[in-house]
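A.B. asks:
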């Protein structure tokens, strides 16, 4: 069942025969995380790419002040990893943890590299997922530099219409860089 | 001569036969820019990817204050475009201009898309260049949020040892977000 969603996602992007798709899927392992369990901890090198089949995860980093800053969310259907750590093989500057019971399909970097060689059409998948990751980080960077918390809130609602059903308010406030009280105010007067 | 450097660059990343490489190269046009001429202007949609064979270019954006902020540089051997504008087909939030006489080989987005179909190995080139772009923007974002002008200066010297031979001081100061006088001070006491 979980693998069906992964296969559909891959088929949307590139062509694999059913046989190839079965071999590719076999390289993914199922990982179940309970609430507050980690997929990746700050300081570890990210040596995987994961596909979320159920649940919600957050990316966050620990600031010098000791506070946590939520930098991103991931929901069912999203791909999850720390690309900077994975591509540069450096320690991750952030952690990724489940904020509710979650299920993921995880492929290790070395198996992915092997796929690029064995199934050249994996390159298309890799290229398009990197383009999507680039678009996301570029938009986040511009937003952080230029737009208000209220505009970021509206943008978030547009990108993730059901985020308030899935993510506790304090994580969203933290992501927007504002106090939970301010977020409640913005929600009343968007 | 210019095309030789492009071909070597492509061969470093992926396999093309000489015949394929010739067909691929034929899709690139030579563009010569004089000092202060634009490759891309803010507000235009970036519909190309370019490879610098000679010269120096800067990326910059016009701030609300009316000042220009240099966000990146490009030298011979670098690929140049505004990926966010190109991939999302949206107006570019920044301009790219030559700060000395420069030569580029430019491929239009639609020809590149066509290459992905005709020569699947182009996907590998696309994937790896996107990974490099991702690594660059991710590092810049973290740097902007976390490290001092002095550390950014040292990092720049490490990444581009001859930047002071190629780029006038005021652009570098602008990129580092400091006054030219402060940069002179840092250079004396790195």
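Protein chains in written order, with the numbering used here: chain F, 6 to 195; chain V, 6 to 195.
Every residue gets a Cβ at the ideal spot worked out from N, C-alpha and C, and that includes glycine.
Per the contact definition of three or more C-beta pairs closer than 8 Å, is the region 155-164 of chain F in contact with the region 66-86 of chain V?
C.D. replies: Contact between the region 66-86 of chain V and the region 155-164 of chain F is absent, because fewer than three Cβ pairs lie under 8 Å.
A.B. asks: Any beta carbon of chain V sitting closer than 7 Å to that of residue 13/F?
C.D. replies: Here residue 13/F corresponds to residue number 8 of the first chain, with the count starting at 1. Residue 13/F does not count as touching chain V.
A.B. asks: By DSSP, does residue 19/V sit in helix, in strand, or in coil?
C.D. replies: Walking along the second chain from the start, residue 19/V turns up at place 14. Correct three-state label for residue 19/V: coil.
A.B. asks: Closer than 8 Å is the cut-off here; do at least three beta carbon pairs connect the region 89-105 of chain F with the region 21-29 of chain F?
C.D. replies: No contact exists between the region 89-105 of chain F and the region 21-29 of chain F.
A.B. asks: Can you look up residue 31/V in the DSSP assignment and give me helix, strand or coil?
C.D. replies: In the second chain, residue 31/V corresponds to position 26, counting from 1. Reduced to three states, the DSSP call for residue 31/V is coil.
A.B. asks: Taking only the alpha-carbon atoms, compute the straight-line gap between residue 29/F and residue 120/F and give it to the nearest angstrom.
C.D. replies: By 1-based counting over the first chain, the position of residue 29/F is 24. By 1-based counting over the first chain, the position of residue 120/F is 115. Taking the straight line from one Cα to the other gives about 7 Å.
A.B. asks: Kindly indicate which three-state DSSP category residue 172/V falls into: helix, strand or coil?
C.D. replies: By 1-based counting over the second chain, the position of residue 172/V is 167. DSSP places residue 172/V in coil when its eight states are reduced to three.
A.B. asks: With H, G and I counted as helix, E and B as strand and the rest as coil, what does DSSP make of residue 180/V?
C.D. replies: Here residue 180/V corresponds to residue number 175 of the second chain, with the count starting at 1. Helix, per DSSP.
A.B. asks: Taking the CB atoms as reference points, tell me whether residue 100/V and residue 38/V lie closer together than 7 Å.
C.D. replies: Translated into positions along the second chain, residue 100/V becomes position 95. Translated into positions along the second chain, residue 38/V becomes position 33. No, these two residues do not count as a Cβ contact at 7 Å.
A.B. asks: Going by beta-carbon coordinates alone, are residue 185/V and residue 174/V separated by less than 7 Å?
C.D. replies: In the second chain, residue 185/V corresponds to position 180, counting from 1. In the second chain, residue 174/V corresponds to position 169, counting from 1. For residue 185/V and residue 174/V, yes; Cβs fall inside 7 Å.
A.B. asks: Apart from the five residues on each side of it in sequence, which residues of its chain come closer than 8 Å, Cβ to Cβ, to residue 95/F?
C.D. replies: In the first chain, residue 95/F corresponds to position 90, counting from 1. Counting only Cβ-Cβ distances below 8 Å, and skipping sequence neighbours, we find 50, 89.
A.B. asks: Check distances from the C-beta atoms of the region 38-65 of chain V to those of chain F and list, in chain order, the residues that come in under 9 Å.
C.D. replies: Residues passing the 9 Å Cβ filter: none.
A.B. asks: From the DSSP output, in three-state form, read off residue 74/V for me.
C.D. replies: For the purposes of this step, residue 74/V is taken as the residue at position 69 of the second chain. Residue 74/V falls in the strand class under three-state DSSP.
A.B. asks: At 7 Å on the CB atoms, spell out the chain F contacts of residue 146/V, in chain order.
C.D. replies: Taking the second chain and counting its residues from 1, one reaches residue 146/V at position 141. Simply 142, 146.
A.B. asks: Taking C-beta pairs closer than 7 Å, name the residues in chain F that residue 128/V reaches, listed in chain order.
C.D. replies: Residue mapping note: residue 128/V aligns to position 123 of the second chain, counting from 1. Going along chain F in sequence order, the residues near residue 128/V (Cβ under 7 Å) are 128, 129, 132.
A.B. asks: Measure the CB-CB distance between residue 54/V and residue 18/V and report whether it falls below 7 Å.
C.D. replies: Locating residue 54/V in the second chain gives position 49, where the first residue counts as 1. Locating residue 18/V in the second chain gives position 13, where the first residue counts as 1. Not a contact, by the Cβ cut-off of 7 Å.
A.B. asks: Drop a sphere of 10 angstroms on the beta-carbon of residue 136/F, count the other beta-carbons inside from all chains shown, and report buried for 16 or more, exposed for fewer.
C.D. replies: As a working note, residue 136/F is residue 131 in the first chain. The residue is buried, with at least 16 neighbouring Cβ atoms inside 10 Å.
A.B. asks: Leaving out the 5 sequence neighbours to the left and right, which residues in its chain are closer than 7 Å to residue 117/V when beta-carbon positions are compared?
C.D. replies: As a working note, residue 117/V is residue 112 in the second chain. For residue 117/V, where only same-chain residues beyond five positions count, the Cβ hits under 7 Å are 54.
A.B. asks: If you follow the alpha helix (DSSP H) that residue 191/V is in, where does it begin and where does it stop?
C.D. replies: Taking the second chain and counting its residues from 1, one reaches residue 191/V at position 186. Element bounds for residue 191/V: 185-193.
A.B. asks: Can you grab the Cα-Cα spacing for the pair residue 7/F / residue 114/V, in whole Å?
C.D. replies: Walking along the first chain from the start, residue 7/F turns up at place 2. Walking along the second chain from the start, residue 114/V turns up at place 109. Distance between the alpha carbons of residue 7/F and residue 114/V: 36 Å.
A.B. asks: Below 7 Å between beta carbons: does that hold for residue 43/F and residue 110/F?
C.D. replies: For the purposes of this step, residue 43/F is identified with residue 38 of the first chain, where counting begins at 1. For the purposes of this step, residue 110/F is identified with residue 105 of the first chain, where counting begins at 1. Cβ atoms of residue 43/F and residue 110/F: not closer than 7 Å.
A.B. asks: What does residue 21/F touch in chain V if you count any residue whose Cβ is under 9 Å from its own?
C.D. replies: Along the first chain, one-based indexing puts residue 21/F at 16. Within 9 Å Cβ-Cβ: nothing; residue 21/F doesn't reach chain V, min ~13 Å.
A.B. asks: Evaluate residue 129/F with the Cβ neighbour count: other Cβ atoms within 10 Å of its Cβ, from every protein chain shown; 16 or more gives buried, anything less gives exposed.
C.D. replies: Counting from one through the first chain, the residue named residue 129/F turns up at place 124. Classification of residue 129/F: buried, given that the 10 Å Cβ count is 16 or more.
A.B. asks: With residue 183/F and residue 144/F assumed to form a contact (beta carbons below 8 Å), what rounded beta-carbon distance in angstroms separates them?
C.D. replies: Position 178 of the first chain, counted from the start, is the residue given in the question as residue 183/F. Position 139 of the first chain, counted from the start, is the residue given in the question as residue 144/F. That pair is no contact at about 19 Å.
A.B. asks: Taking C-beta to C-beta, are residue 98/F and residue 62/F nearer than 7 Å?
C.D. replies: Walking along the first chain from the start, residue 98/F turns up at place 93. Walking along the first chain from the start, residue 62/F turns up at place 57. Contact flag unset, no.
A.B. asks: Since residue 11/F contacts residue 80/F with CB under 8 Å, what's their CB separation in whole angstroms?
C.D. replies: As a working note, residue 11/F is residue 6 in the first chain. As a working note, residue 80/F is residue 75 in the first chain. Not quite, the Cβ-Cβ distance comes to about 15 Å (not below 8 Å), so this is no contact.
A.B. asks: Please look up how many angstroms separate the CB atoms of residue 142/F and residue 139/V, rounded, as I've assumed it's under 8 Å.
C.D. replies: As a working mapping, residue 142/F is identified with position 137 in the first chain. As a working mapping, residue 139/V is identified with position 134 in the second chain. That belief holds up - the Cβ atoms of residue 142/F and residue 139/V are roughly 7 Å apart, short of 8 Å.
A.B. asks: Using C-beta distances below 8 Å, list every residue in its chain close to residue 168/V, excluding the 5 sequence neighbours before and after it, in chain order.
C.D. replies: If you number the second chain from 1, residue 168/V lands on position 163. So the list reads 78, 161, 162, 177, once near-sequence residues are dropped.
A.B. asks: Among all the DSSP beta bridges, which residues are the ones paired with residue 3/V?
C.D. replies: Residue 3/V lies beyond the stretch modelled for chain V, which goes from 6 to 195, so this question has no answer here.
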